[in-house]
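Asks:
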Amino acid sequence: MDEKILICDDEKGMRLYLSKILRNWSYQVDCFAEPDLLLRWAAESDNRADLLLLDIKMAQLDGIEVLRRIKRLRPDLAVVMMTGHGTIESAVEAMKLGAYDYLTKPFPQEKLLALVRHCLEARHLREENSLLKQEIKEQRTPAPPIFQSGRFSEVYQMAIDVADSDAAILIRGESGTGKELIASSIHYASPRADQRFLTVNCAALSESLLESQLFGHIKGAFTGAVQAQKGLLEEANVGTLFLDEIGELSLSLQAKLLRVLQFGELLPVGSTKPRRVDVRFLSATNKDLHQEVAQGQFREDLFYRINVIDIELPPLRERVEDIAPLSQHFLDRMASKLPYPLPEIDADVMAALENHHWPGNVRELENVISRCVILSRGKPISLDLLPFKVDQPGSLSLDSDTPFSLREAERLQVSRALEQTGWNKSRAAKLLGTSRKTLDRKIKEYDLTQHAAIGS
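Numbering (the working numbering), first residue to last: 3 to 458.
1) Tell me the DSSP bridge mates of THR225?
2) Taking the alpha-carbon positions, what's the ALA45 to LEU105 distance?
3) I'd like the span of the beta strand (DSSP E) that includes GLY84, first residue to last.
4) Can you check which of these residues, ILE347, GLU247, GLY241, SER254, is closest to ALA169 by C-alpha distance?
5) Nearest-angstrom Cα distance between VAL198 and ASP350?
6) Kindly say whether VAL81, judged by its beta-carbon, lies nearer than 7 Å to any beta-carbon of chain D.
7) Go ahead and pull the three-state DSSP assignment for GLU123.
8) Tell me the DSSP bridge mates of ALA104?
9) Work out the CA separation of SER378 and ARG429 for me, nearest whole Å.
10) Please indicate yes or no: does the CB of SER132 lie closer than 6 Å to some heavy atom of the ligand GTP?
11) By the 10 Å Cβ neighbour count, where 16 or more other Cβ atoms means buried, how is LEU211 classified, buried or exposed?
12) Count the other CB atoms within 10 Å of the CB of LEU213; is the residue buried (16 or more) or exposed (fewer)?
13) Are there 16 or more other CB atoms within 10 angstroms of the CB of ARG174, so buried, or fewer, so exposed?
14) Between SER187 and PRO146, which are expected to be in contact by the criterion C-beta below 8 Å, what is the C-beta distance as a whole number of angstroms?
15) Looking only at DSSP bridge pairs, what is SER285 linked to?
16) Assign VAL31 to one of three DSSP states: helix, strand, or coil.
17) Leaving out five residues before and five after THR423 in sequence, what residues of the same chain have Cβ atoms less than 7 Å from its Cβ?
18) What is the rounded straight-line gap between the Cα of LEU200 and the Cα of LEU39?
19) Looking at the structure shown, is ASP334 part of a helix, part of a strand, or coil, going by DSSP?
20) For the beta strand (DSSP E) containing ASN363, name the first residue and the last one.
21) What is the C-beta distance between ILE14 and ASP32, in whole angstroms, given that I count them as a contact (C-beta under 8 Å)?
22) Whose C-beta lies closer than 8 Å to the C-beta of THR404 among residues of the same chain, with five residues either side of it excluded?
23) Roughly how many whole angstroms lie between the Cα atoms of GLY266 and MET160?
24) Measuring CA to CA, which of GLY100, ASP57, PRO389, ARG50 is closest to ARG74?
25) Leaving out five residues on either side along the sequence, give the residues of the same chain with a beta carbon under 6 Å from the beta carbon of ASN426.
26) What's the gap between the Cα of LEU398 and the Cα of HIS219?
27) If we ignore side chains and look at the alpha-carbon of each, how far apart do GLY222 and MET352 end up?
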């Protein structure tokens, strides 16, 4: 057998008796006459063992104190205490401190063998269970976002930094920027990672259905409620609930949700008895909730409850450096599904992708890559497969018969490039065929601002 058993007893006769029996059963055995030697062994990280047989009454150090120290050094080591008739109370105390069981001296070989086997089997089951949990966690844990840009790196690092708190987080950003991916990254980097991560899209359901989905209902709460059902808030207890598009909640549901955030309790539909819940809230929106509050469409008190920490995701047009690695990621993900070779992306196509405005952000890019792969049939992806008009560097037209000075023409061209790219300077510079540094100098030279009119 590979199992190793340690014996710590200051009686030589007991050590010899136990080691002989255990070796006859093919276990590896190490003996310690003094607790200090055992503790020194346990402090060495390379040493390993599966079970410790530990005497309670020893001259050098009490077995209970040895157990305390061993559990600090080796919390996973199974320990069986050996005790005389007069120390049963100490054995019970040892069980409370983490000992697996105890043997009362004198004990027959058969009882020792049965307890050792049972203890080792239980240990193996715990190890298998732990490995299984880790495998499940790894399967559920999302891959980290694909990025190279400094802008997104800062946002992602902030998300991971705040994950270990229980603070409510509001994730803002346009549709398709990856708000749910960031939310799941926060959950799986948090102390609640082993618990459930549930999501609900507040814009996808009617008010009544959403209320039942969130809060649950009791039997007979409404027509068709033939049995009680827990809501997502209860299902997510001790875990995380992600409320996507929270800006779409009705004012009445906002009031009910506020109660959960304030007091940690909810009322299922049709019930008058509150239920306690412990949920970490992550929310997302593509709306300007400040404006919604000002217009009376969103409760101010709820806004401050969900917005303890604010994370804003940049649109794809402001993280141009991420377009190439994201495109390759989407290509690689399709590879196993293709009946033909994975196509390459031509350099001019990549330039066009980097110049595109991407109103649908990463989700739109994924769809575009999927479309191009399907249509290319294994050939290199070319410009004619792109579903949008391609802007080429230097292709900006002044569209005017009005005569311009060279300076006026340059100012107008720079201004239009900035407007066309939503003031994304990296994309505007590429569109103009110049460097970002030169563009910054031109913006300063012509005193351009983001809200200035093109023709001014």
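From the three backbone atoms N, C-alpha and C, an ideal C-beta is built for every residue, glycine too.
Since we're looking at a predicted model, the values are computed, not measured.
Replies: In short, the structure shows the following:
1) Walking along the sequence shown from the start, residue 225 turns up at place 223. Per DSSP, none; premise fails for THR225.
2) Residue mapping note: residue 45 aligns to position 43 of the sequence shown, counting from 1. Residue mapping note: residue 105 aligns to position 103 of the sequence shown, counting from 1. If you draw a straight line from the Cα of ALA45 to the Cα of LEU105, it is about 26 Å long.
3) One-based indexing of the sequence shown puts residue 84 at position 82. Sequence check: residue 84 is Met here, not Gly. Boundaries of the beta strand (DSSP E) around MET84: 80 to 85.
4) Start at 1 with the first residue of the sequence shown, and residue 169 comes out as number 167. Checking every option, the nearest Cα to that of ALA169 belongs to GLY241.
5) Position 196 of the sequence shown, counted from the start, is the residue given in the question as residue 198. Position 348 of the sequence shown, counted from the start, is the residue given in the question as residue 350. For clarity, residue 198 is Arg in the given sequence; the question names Val instead. If you take the alpha carbons of ARG198 and ASP350, they lie about 44 Å apart.
6) The question asks about chain D, but that chain is absent: this structure has only one protein chain.
7) Translated into positions along the sequence shown, residue 123 becomes position 121. In this structure, GLU123 counts as helix in the three-state DSSP scheme.
8) As a position in the sequence shown, residue 104 is number 102, starting the count at 1. Sequence inspection shows Tyr at residue 104; the Ala mentioned does not correspond to that position. Bridge partners of TYR104: MET83.
9) Start at 1 with the first residue of the sequence shown, and residue 429 comes out as number 427. Start at 1 with the first residue of the sequence shown, and residue 378 comes out as number 376. Cα to Cα, ARG429 sits roughly 26 Å from SER378.
10) No copy of the ligand GTP appears in this structure; indeed no ligand is present at all.
11) Taking the sequence shown and counting its residues from 1, the one referred to as residue 211 is at position 209. Counting Cβ neighbours within 10 Å, LEU211 comes out exposed, since fewer than 16 surround it.
12) Locating residue 213 in the sequence shown gives position 211, where the first residue counts as 1. According to the sequence shown, residue 213 is Glu rather than Leu. Answer is buried; the Cβ neighbour count reaches 16.
13) Taking the first residue of the sequence shown as position 1, residue 174 is located at position 172. Buried.
14) Here residue 187 refers to the residue found at position 185 when the sequence shown is read from its first residue. Here residue 146 refers to the residue found at position 144 when the sequence shown is read from its first residue. Your pair SER187 and PRO146 checks out as a contact, with CB atoms roughly 7 Å apart and the cut at 8 Å.
15) As a position in the sequence shown, residue 285 is number 283, starting the count at 1. In DSSP, SER285 forms a bridge with LEU172, LEU245.
16) Locating residue 31 in the sequence shown gives position 29, where the first residue counts as 1. Here VAL31 sits in strand by DSSP.
17) By 1-based counting over the sequence shown, the position of residue 423 is 421. Once the five neighbours on either side are set aside, the close Cβ partners of THR423 are ARG319, HIS359, ARG429, ALA430, LEU433.
18) Reading the sequence shown from its first residue, position 198 is the one you call residue 200. Reading the sequence shown from its first residue, position 37 is the one you call residue 39. Cα-Cα distance, rounded: 50 Å.
19) For the purposes of this step, residue 334 is taken as the residue at position 332 of the sequence shown. Helix.
20) What you label residue 363 is simply residue 361 of the sequence shown in a count that begins at 1. Unbroken run through ASN363 is the alpha helix (DSSP H), 363 to 378; no beta strand (DSSP E).
21) For the purposes of this step, residue 14 is taken as residue 12 along the sequence shown, with counting starting at 1. For the purposes of this step, residue 32 is taken as residue 30 along the sequence shown, with counting starting at 1. Note that residue 14 corresponds to Lys in the displayed sequence, not to Ile. Taking C-beta atoms under 8 Å as the contact rule, LYS14 and ASP32 fail to qualify, at a distance of about 15 Å.
22) Taking the sequence shown and counting its residues from 1, the one referred to as residue 404 is at position 402. Here THR404 scores only 46 on pLDDT, less than 50, and its place in the model is too uncertain to base an answer on.
23) The residue you call residue 266 lines up with position 264 of the sequence shown. The residue you call residue 160 lines up with position 158 of the sequence shown. Put simply, the backbone Cα of GLY266 is about 26 Å away from that of MET160.
24) For this step, residue 74 is matched to residue 72 along the sequence shown. Among GLY100, ASP57, PRO389, ARG50, the Cα nearest to that of ARG74 is on GLY100.
25) To locate residue 426, count along the sequence shown from 1; it is residue 424. Taken in chain order, the residues that qualify are ARG319, GLU320.
26) Position 396 of the sequence shown, counting from 1, holds the residue named residue 398. Position 217 of the sequence shown, counting from 1, holds the residue named residue 219. Bear in mind that the predicted position of LEU398 carries a pLDDT of just 47, short of 50, making it unreliable; the figure below should be weighed with that in mind. In this structure, the CA atom of LEU398 is about 59 Å from the CA atom of HIS219.
27) Taking the sequence shown and counting its residues from 1, one reaches residue 222 at position 220. Taking the sequence shown and counting its residues from 1, one reaches residue 352 at position 350. In a straight line, the C-alpha of GLY222 is about 58 Å away from that of MET352.
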